[in-house]
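Student: Residue numbers (my numbering), protein chains in the order written: chain A, 1 to 398; chain B, 1 to 329.
Where a beta carbon is used, it is the ideal one built from N, C-alpha and C, also for glycine.
Below is a structure I'd like to ask you about.
Below is the structure:
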């Protein structure tokens, strides 16, 4: 740093401070903070004056006033137009979560299946999957959603001419109708026994693991657990004489009465999001399995493990380590993409509080802040969970 | 089983789309009258009827040469980026960097050209405007954000992390709602920007947050020794970044950058929800036309094909780059 001409007089204090790396960095940080706060302050003052000129205020009081609109899809908590905007927001959040959770489950199943099929030795199967993957991945997800929805609208018949399977399941352009269970007296016992059965299975599994660690004896854990889970509740069901009946949908007038109706918007959204996301998951799974070196499989075979045990105990645990971080971001993407619900009129959080409530109250700032915070909250939870999971799965290195 | 799958899908699709399809008609009724049974074939006449709408949107007819000229200039701007061995590539790249501004002037008008309102933009043209503007501006901002996130200054780092994680944590559609409903409140009183401008601002910020993460990955993949070597040579921070770090980091992250471009390009379709007429938006709204009602499959297939061609070629290009970079080691 020192120039050869040290003889010249020492520069003044400011220049010396400027040449010191630490002080310079402090100066830059203060400068950025000043600029950022200046911009933020300008935005806030702009917002304040702009709101004043059009005579709006900034408050969340509107959340308590009646919403005045109906929500067509409300499987969890009932909602009527006299309920508040806040309740509408909660219904919207629940609907978002419903799509996200079911989408994640279906997408994982489809994605893992396709990822493994893509590695199949059968040339034709792996090619078909490849073509499907490439075509689906390279087309916008919104187009998939609109397309699946349009299939429902234009291809499925009106309720009067609904396609029926033995008069219990109906397919029409108003959705799919399935019989809904009606729980009679005494059914509570069955639920209690089911909980007990789950507890027994948990104890059994840990016991079996311990025995295996000690003696090397392997029990058919999965089959026994399944038997406990199914037989115990069924047994109580017949012994206690509880009532369970099915309400079957019936065509009355122009629409169906009774039964559970799964709305076409929900099916279209979930289905489109799942198969779109599953294509990305398939690629991740394929990459993860390919990343495991062949030596691992050969070593497992040399130890005498059967092929399915090899996959279960050697390949998949190692592949998961590679698969999980990108998989988490795909789950996050699916959750975020579920906001496209508004395009086909599924009432998620963007469509209720950020859509109709916004239009009715004119509170753009407040409603958008609620929606943004909701999604940020979900994102933080998912990424936090995935980080925890990742740490648990991570390779313990010296 | 796979043979059976192919057999059930391909021949009926071929019959529908090629053998029984109709290319010239004036309405759906006319179209279906030409078939043995209505709906047995595709009615491509609909698409034929709408081609100019799908390409130019509502751009005034006498001024469409300006759009055509922009398309030609676009192709010329892409060439120097793709071919490394082009003679005088430096000037070509300079032109590519200036191209968005030239195209903007051509399309919007002003300075001697008749001005056109951005509300009339639409179709493939709008899709390309959104995609290319977002991509061009998000790359430099993304680089700046990535450097900020890796910098030694805690406040700067925190600001960049906050910004990136906020943008990546919320869906694009909510950000677009912000653009369409509340962004105008952020500007000084009296200034009102067109919807297109606001959407472009949001799309650029959105793209740059994702770009920043890709570039950060590239920067982190470079060994610390490189930076220290730069320091020991007496280079300043900016010289070290410009001459040593960024050239290597960008080269590693090119496949990731292209993949981000593809995702971004697909995401531009979301502007349909806030009422802008890009290609998918026009296709979607044409379905409401009574004369042609019920031809959703034809429209969606056409739009899907357009996006597929764009995105698939981009992803092939990224694979090609990946292979080329791989042999370098």
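So with CB distances below 9 Å, who are the chain A contacts of residue 259/B?
Tutor: If you number the second chain from 1, residue 259/B lands on position 259. Residue 259/B does not reach chain A, its nearest Cβ partner there being about 10 Å away, counting only Cβ pairs nearer than 9 Å.
Student: Exposed or buried, what is residue 3/A when buried is set at 16 or more other beta-carbons lying within 10 Å of its beta-carbon?
Tutor: To locate residue 3/A, count along the first chain from 1; it is residue 3. Here residue 3/A scores only 49 on pLDDT, less than 50, and its place in the model should not be relied on; the value that follows carries that caveat. Its Cβ having fewer than 16 others within 10 Å, residue 3/A is exposed.
Student: Taking residue 11/B as the query, report the chain A residues whose CB atoms sit under 7 Å from its CB, ordered along the chain.
Tutor: Taking the first residue of the second chain as position 1, residue 11/B is located at position 11. Within 7 Å Cβ-Cβ: nothing; residue 11/B doesn't reach chain A, min ~15 Å.
Student: Could you have a look at residue 383/A and say whether DSSP puts it in helix, strand or coil?
Tutor: Here residue 383/A refers to the residue found at position 383 of the first chain. Of the three classes helix, strand and coil, the one that applies to residue 383/A here is helix, per DSSP.
Student: Here's the rule: buried if 16 or more other CB atoms are within 10 angstroms of the residue's CB, otherwise exposed. What is residue 81/A?
Tutor: The sequence position of residue 81/A within the first chain is 81, counting from 1. Burial call: exposed.
Student: CA-CA distance, residue 10/B and residue 2/B?
Tutor: Here residue 10/B refers to the residue found at position 10 when the second chain is read from its first residue. Here residue 2/B refers to the residue found at position 2 when the second chain is read from its first residue. Using only the alpha carbons, I get a separation of about 12 Å.
Student: Measuring CB to CB, does residue 89/B end up less than 8 Å from residue 80/B?
Tutor: Here residue 89/B is taken as the residue at index 89 of the second chain, counted from 1. Here residue 80/B is taken as the residue at index 80 of the second chain, counted from 1. For residue 89/B and residue 80/B, yes; Cβs fall inside 8 Å.
Student: Rounding to the nearest angstrom, what Cα-Cα distance links residue 336/A and residue 368/A in this structure?
Tutor: Taking the first residue of the first chain as position 1, residue 336/A is located at position 336. Taking the first residue of the first chain as position 1, residue 368/A is located at position 368. Each residue's alpha carbon lies about 15 Å from the other.
Student: Run through DSSP, which three-state label would residue 135/A get?
Tutor: Sequence index remark: in the first chain, residue 135/A carries index 135 (1-based). DSSP places residue 135/A in helix when its eight states are reduced to three.
Student: Since residue 218/B contacts residue 249/B with CB under 8 Å, what's their CB separation in whole angstroms?
Tutor: Taking the second chain and counting its residues from 1, one reaches residue 218/B at position 218. Taking the second chain and counting its residues from 1, one reaches residue 249/B at position 249. With a Cβ gap of about 4 Å, residue 218/B and residue 249/B count as contacting.
Student: Tell me the residue span of the alpha helix (DSSP H) that contains residue 96/A.
Tutor: Sequence index remark: in the first chain, residue 96/A carries index 96 (1-based). First-last of the alpha helix (DSSP H) with residue 96/A: 85-118.
Student: Opposite residue 110/B in the DSSP bridges: which residues?
Tutor: Start at 1 with the first residue of the second chain, and residue 110/B comes out as number 110. Residue pairing by DSSP places residue 110/B opposite 113/B in a beta bridge.
Student: Please report the distance separating the alpha-carbon of residue 162/B from that of residue 323/A.
Tutor: Counting from one through the second chain, the residue named residue 162/B turns up at place 162. Counting from one through the first chain, the residue named residue 323/A turns up at place 323. Answer to the nearest angstrom: the Cα atoms are 27 Å apart.
Student: Counting only Cβ-Cβ distances shorter than 7 Å, please list the residues of the segment 21-34 of chain A near chain B, keeping chain order.
Tutor: 25, 28, 29, 32 and 33
Student: Would you tell me roughly how many angstroms separate the C-alpha atoms of residue 321/B and residue 190/B, rounded to the nearest one?
Tutor: Translated into positions along the second chain, residue 321/B becomes position 321. Translated into positions along the second chain, residue 190/B becomes position 190. In a straight line, the C-alpha of residue 321/B is about 48 Å away from that of residue 190/B.
Student: Please classify residue 277/A as buried or exposed, where buried requires at least 16 neighbouring CB atoms within 10 angstroms.
Tutor: In the first chain, the residue the question calls residue 277/A occupies position 277. Under this definition residue 277/A is a buried residue.
Student: Identify, in the order they occur along the chain, each residue of the same chain with its Cβ nearer than 8 Å to the Cβ of residue 130/B, setting aside the five sequence neighbours on each side.
Tutor: As a working mapping, residue 130/B is identified with position 130 in the second chain. Cβ neighbours of residue 130/B beyond the five flanking positions: 199, 200, 203, 268, 271 and 278.
Student: On a Cα-Cα basis, can you pick out the residue from 144/B, 136/B and 91/B that is closest to residue 411/B?
Tutor: The first residue shown for chain B is 1 and the last is 329, placing residue 411/B beyond what the model contains.
Student: When the Cα atoms are used, what is the spatial distance from residue 303/A to residue 4/B?
Tutor: Taking the first residue of the first chain as position 1, residue 303/A is located at position 303. Taking the first residue of the second chain as position 1, residue 4/B is located at position 4. About 40 Å.
Student: Which one of 316/B, 302/B and 253/B has the shortest CA to CA distance from residue 144/A?
Tutor: Working through the first chain from its first residue, we reach residue 144/A at position 144. Out of 316/B, 302/B and 253/B, the CA that lies nearest to the CA of residue 144/A is found in 302/B.
Student: Could you pull the DSSP bridge partners for residue 66/A from this structure?
Tutor: Position 66 of the first chain, counted from the first residue, corresponds to residue 66/A. Residue 66/A pairs with 84/A.
Student: In chain A, what lies closer than 8 Å to residue 185/B by C-beta?
Tutor: Looking up residue 185/B in the second chain gives position 185. Taking a Cβ-Cβ cut-off of 8 Å, the neighbours of residue 185/B in chain A comprise 46, 47, 50, 51, 364 and 365, given in sequence order.
Student: Based on DSSP bridge pairs, tell me the residues matched to residue 175/A.
Tutor: Counting from one through the first chain, the residue named residue 175/A turns up at place 175. According to DSSP, which records beta bridges pairwise, residue 175/A is partnered with 172/A.
Student: In the DSSP assignment, the alpha helix (DSSP H) including residue 77/A goes from what residue to what residue?
Tutor: Sequence index remark: in the first chain, residue 77/A carries index 77 (1-based). Element bounds for residue 77/A: n/a, residue is neither H nor E.
Student: Using a Cβ-Cβ cut-off of 8 Å (strictly less than) and excluding sequence neighbours within five positions of residue 130/A, which residues of its own chain qualify?
Tutor: Here the question's residue 130/A lines up with position 130 in the first chain. These residues qualify, in order along the chain: 118.
Student: Cβ atoms of residue 175/A and residue 282/A: under 8 Å apart, would you say?
Tutor: The residue given as residue 282/A occupies position 282 in the first chain. The residue given as residue 175/A occupies position 175 in the first chain. Result no, Cβ atoms of residue 282/A and residue 175/A do not sit closer than 8 Å.
Student: Less than 8 Å between CB atoms is the rule here; does residue 169/B satisfy it with respect to chain A?
Tutor: Taking the second chain and counting its residues from 1, one reaches residue 169/B at position 169. So, interface residue.
Student: Looking at the secondary structure, which residues open and close the alpha helix (DSSP H) in which residue 204/B lies?
Tutor: Counting from one through the second chain, the residue named residue 204/B turns up at place 204. Per DSSP, residue 204/B belongs to the alpha helix (DSSP H) from 195-221.
Student: Helix, strand or coil, according to DSSP, for residue 213/A in the structure here?
Tutor: Indexing the first chain from 1 puts residue 213/A at position 213. DSSP places residue 213/A in helix when its eight states are reduced to three.
Student: Measuring only the C-alpha atoms, how far is residue 182/A from residue 169/B?
Tutor: Counting from 1 along the first chain, the entry for residue 182/A is found at position 182. Counting from 1 along the second chain, the entry for residue 169/B is found at position 169. Distance between the alpha carbons of residue 182/A and residue 169/B: 41 Å.
Student: Name the residue from 127/B, 266/B and 97/B whose alpha carbon lies nearest to the alpha carbon of residue 140/B.
Tutor: Here residue 140/B corresponds to residue number 140 of the second chain, with the count starting at 1. Residue 140/B has its Cα closest to that of 97/B, out of 127/B, 266/B and 97/B.
Student: Is it the case that the Cβ atoms of residue 338/A and residue 107/A are separated by a distance below 8 Å?
Tutor: Along the first chain, read from residue 1 onward, the residue named residue 338/A stands at position 338. Along the first chain, read from residue 1 onward, the residue named residue 107/A stands at position 107. No, the pair does not count as a contact, with Cβ atoms beyond the cut-off.
Student: Below 7 Å on C-beta distance, what does residue 273/B contact in chain A?
Tutor: Taking the first residue of the second chain as 1, we reach residue 273/B at position 273. Residues of chain A passing the Cβ test: 342 and 343.
Student: So which of 312/B, 299/B and 307/B has the shortest CA-CA distance to residue 46/B?
Tutor: Walking along the second chain from the start, residue 46/B turns up at place 46. With distances taken between Cα atoms, residue 46/B lies closest to 299/B.
Student: Would you tell me roughly how many angstroms separate the C-alpha atoms of residue 296/B and residue 13/B, rounded to the nearest one?
Tutor: As a working note, residue 296/B is residue 296 in the second chain. As a working note, residue 13/B is residue 13 in the second chain. C-alpha separation (whole angstroms): 15 Å.
Student: Which chain A residues are close to residue 177/B, counting only those with a beta carbon under 7 Å from its beta carbon?
Tutor: What you label residue 177/B is simply residue 177 of the second chain in a count that begins at 1. The contacting residues are 354 and 368.
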